[in-house]
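Q: Sharing a structure here in C-alpha cells format.
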Amino acid sequence: MISTVIAIDGPAAAGKGTLARRLADHFGYAYLDTGSIYRAVGLKVLRTGQDPQDPAAAEAAARSLTPDELFSLQKDPDLRTEAGGQAASKVAAIPGVRAALLDFQRQFAAVPPGGCAGAVLDGRDIGTVVCPDATHKLFVTASVEERARRRVAELRAKGIESIESDVLADMKERDARDSQRDVAPLRPAEDALELDTSALDADAAFAAVLDYLQRKA
Ligand code: C5P
Numbered sequence: 001m002i003s004t005v006i007a008i009d010g011p012a013a014a015g016k017g018t019l020a021r022r023l024a025d026h027f028g029y030a031y032l033d034t035g036s037i038y039r040a041v042g043l044k045v046l047r048t049g050q051d052p053q054d055p056a057a058a059e060a061a062a063r064s065l066t067p068d069e070l071f072s073l074q075k076d077p078d079l080r081t082e083a084g085g086q087a088a089s090k091v092a093a094i095p096g097v098r099a100a101l102l103d104f105q106r107q108f109a110a111v112p113p114g115g116c117a118g119a120v121l122d123g124r125d126i127g128t129v130v131c132p133d134a135t136h137k138l139f140v141t142a143s144v145e146e147r148a149r150r151r152v153a154e155l156r157a158k159g160i161e162s163i164e165s166d167v168l169a170d171m172k173e174r175d176a177r178d179s180q181r182d183v184a185p186l187r188p189a190e191d192a193l194e195l196d197t198s199a200l201d202a203d204a205a206f207a208a209v210l211d212y213l214q215r216k217a
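See the structure below:
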C-alpha cells in the first residue's frame, strides 16, 4: 500500500509543527519533526566540544546517530533553545549531513510507523527533496517579526525569558542560512499551497488547510 504523505515546509516558528501535529492527529497519521533530527545532530556535535560547521565532525555525528540516541536527544531540554536551532542550521548546511539523514526520513514517509496509513513530515526540504512525490505539499510562512514574537511567547511558556530583538536577529540569521545554502535550500515546492499564518491563529490555520485538503480530494 502506498502511504499518503503530507509535506509541510517553511521557516522557524511559522506554525508548521502545530499544524503538522494536528493534521497527523486528525487523520491518524504518523508525524515526523525533521528539524528535531538536525537539532539532535547539532547538539551531539556541541556536546563533544566540536564545531557544528566542521563538515567531518558533523557528518560523523549524523552517520553514527542511532534511533535510541535520537529519541533521547529529542527529549533533551537543550534541543529547543536558540543555540540548538543555530547548531542545527549549521550542520544542516553540510551536504554529507543531509545525505546521511535522507534514508531515515524517506523510509518514515514510505512505511509510517505504527501501521499508520499516512505520514506528516515537517521541515525545510520535505516537498522539494525528501518527498518530491508527496500527496500534499504546504509551505507555511509568517512575517519574521510575528515569528519572533511567537518564539518569545513559546520560550516564556517554558519559563525561559528572552529578549525579542535577540530572538529576531537569531531568526533572521537562521532564515538567511537556511534559504541561501547550496544544498536543499528553504524554498516552496512548485506545487505547494502557500499559507501565510501572520494573521491566523492555530485553529484558523488548521481549518484553512483542512478545507484545502477536502476540496482537493
Ligand atoms: O524546524 P526547526 O527550527 O526545529 O529546524 C532547525 C534547523 O534544522 C533549521 O533551521 C534548518 O536549518 C534545519 N532543517 C533543515 N531541513 C529540515 C528540517 C530542519 O535543514 N528538513
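So the sequence shown is numbered by the UniProt record's numbering: it starts at 1 and just counts up by one. Heads up, the beta-carbon is just placed ideally off N, CA and C, and yes, glycines get one too.
Is the beta carbon of R174 within less than 7 angstroms of some heavy atom of ligand 1?
A: Position 174 of the sequence shown, counted from the start, is the residue given in the question as residue 174. For ligand 1, at least one heavy atom lies less than 7 angstroms from the Cβ of R174.
Q: Does the stretch 141 to 149 come close enough to the stretch 115 to 133 that 3 or more CB-CB pairs lie under 8 angstroms?
A: Not touching, per the Cβ criterion.
Q: Since I believe G10 is in contact with T128 (beta carbons under 8 angstroms), could you give me their beta-carbon distance rounded to a whole number of angstroms?
A: Taking the sequence shown and counting its residues from 1, one reaches residue 128 at position 128. Taking the sequence shown and counting its residues from 1, one reaches residue 10 at position 10. Going by Cβ atoms, the distance from T128 to G10 rounds to 12 angstroms, so no, they are not a contact pair.
Q: Along the alpha helix (DSSP H) that carries L46, what are the first and last residues, could you check?
A: Against the sequence shown, residue 46 aligns to sequence position 46. T34 to R47 is the extent of the alpha helix (DSSP H) around L46.
Q: When you measure from the CB of Y31 to every non-hydrogen atom of ligand 1, does any distance come out below 7 angstroms?
A: Numbered from its first residue, the sequence shown carries residue 31 at position 31. Checking every heavy atom of ligand 1 against the Cβ of Y31, none is found closer than 7 angstroms.
Q: If you follow the beta strand (DSSP E) that A153 is in, where does it begin and where does it stop?
A: Walking along the sequence shown from the start, residue 153 turns up at place 153. A153 -> not in any beta strand (DSSP E); alpha helix (DSSP H) instead, spanning V144 to A157.
Q: So for V120, helix, strand or coil by DSSP?
A: Position 120 of the sequence shown holds residue 120. Strand.
Q: Would you kindly work out how many angstroms separate the C-alpha atoms of G49 and V183, rounded to a whole number?
A: In the sequence shown, the residue the question calls residue 49 occupies position 49. In the sequence shown, the residue the question calls residue 183 occupies position 183. If I take the Cα positions, the gap works out to 25 angstroms.
Q: CA-CA distance, R106 and H26?
A: Walking along the sequence shown from the start, residue 106 turns up at place 106. Walking along the sequence shown from the start, residue 26 turns up at place 26. Taking the straight line joining both Cα atoms gives about 22 angstroms.
Q: Tell me whether G127, by its Cβ, gets closer than 7 angstroms to a heavy atom of ligand 1.
A: Position 127 of the sequence shown, counting from 1, holds the residue named residue 127. Not under cutoff, so the answer is no.
Q: Nearer than 7 angstroms: is that true of the beta carbon of residue 242 relative to any heavy atom of ligand 1?
A: This structure cannot settle anything about residue 242, because the visible part of the chain is limited to 1 through 217.
Q: Is the CB of D76 under 8 angstroms away from at least one CB in chain C?
A: Structure shown: chain C not included; a single protein chain is present.
Q: Rounded to a whole number of angstroms, what is the C-alpha to C-alpha distance between S36 and R215?
A: As a first step, residue 36 must be located in the sequence shown, where it is residue number 36. As a first step, residue 215 must be located in the sequence shown, where it is residue number 215. Spanning the two alpha carbons is a distance of roughly 31 angstroms.
Q: If we count the other Cβ atoms within 10 Å of its Cβ and call it buried at 16 or more, is I8 buried or exposed?
A: Counting from 1 along the sequence shown, the entry for residue 8 is found at position 8. I8 should be labelled buried.
Q: If you check the beta carbons only, do L43 and D68 fall under 8 angstroms apart?
A: Translated into the one-based positions of the sequence shown, residue 43 becomes position 43. Translated into the one-based positions of the sequence shown, residue 68 becomes position 68. No, Cβ-Cβ distance for L43 and D68 is not below 8 angstroms.
Q: Given D191, which residues of its chain have a CB within under 8 angstroms of its CB, disregarding the five upstream and five downstream residues?
A: To locate residue 191, count along the sequence shown from 1; it is residue 191. These residues qualify, in order along the chain: G127 and K137.
Q: Quick one: what does DSSP say E194 is sitting in, helix, strand or coil?
A: Here the question's residue 194 lines up with position 194 in the sequence shown. Three-state result, E194: strand.
Q: Just reading off the beta strand (DSSP E) that D9 is part of, what are its end residues?
A: For the purposes of this step, residue 9 is taken as the residue at position 9 of the sequence shown. Note, D9: beta strand (DSSP E), T4 to D9.
Q: Taking the straight line between their C-alpha atoms, what separation do you get for Y38 and V91?
A: One-based indexing of the sequence shown puts residue 38 at position 38. One-based indexing of the sequence shown puts residue 91 at position 91. Computed Cα separation, rounded: 7 angstroms.
Q: Could you spell out the range, first to last residue, of the alpha helix (DSSP H) harbouring K172?
A: Along the sequence shown, one-based indexing puts residue 172 at 172. Segment E164 to Q180, the alpha helix (DSSP H) holding K172.
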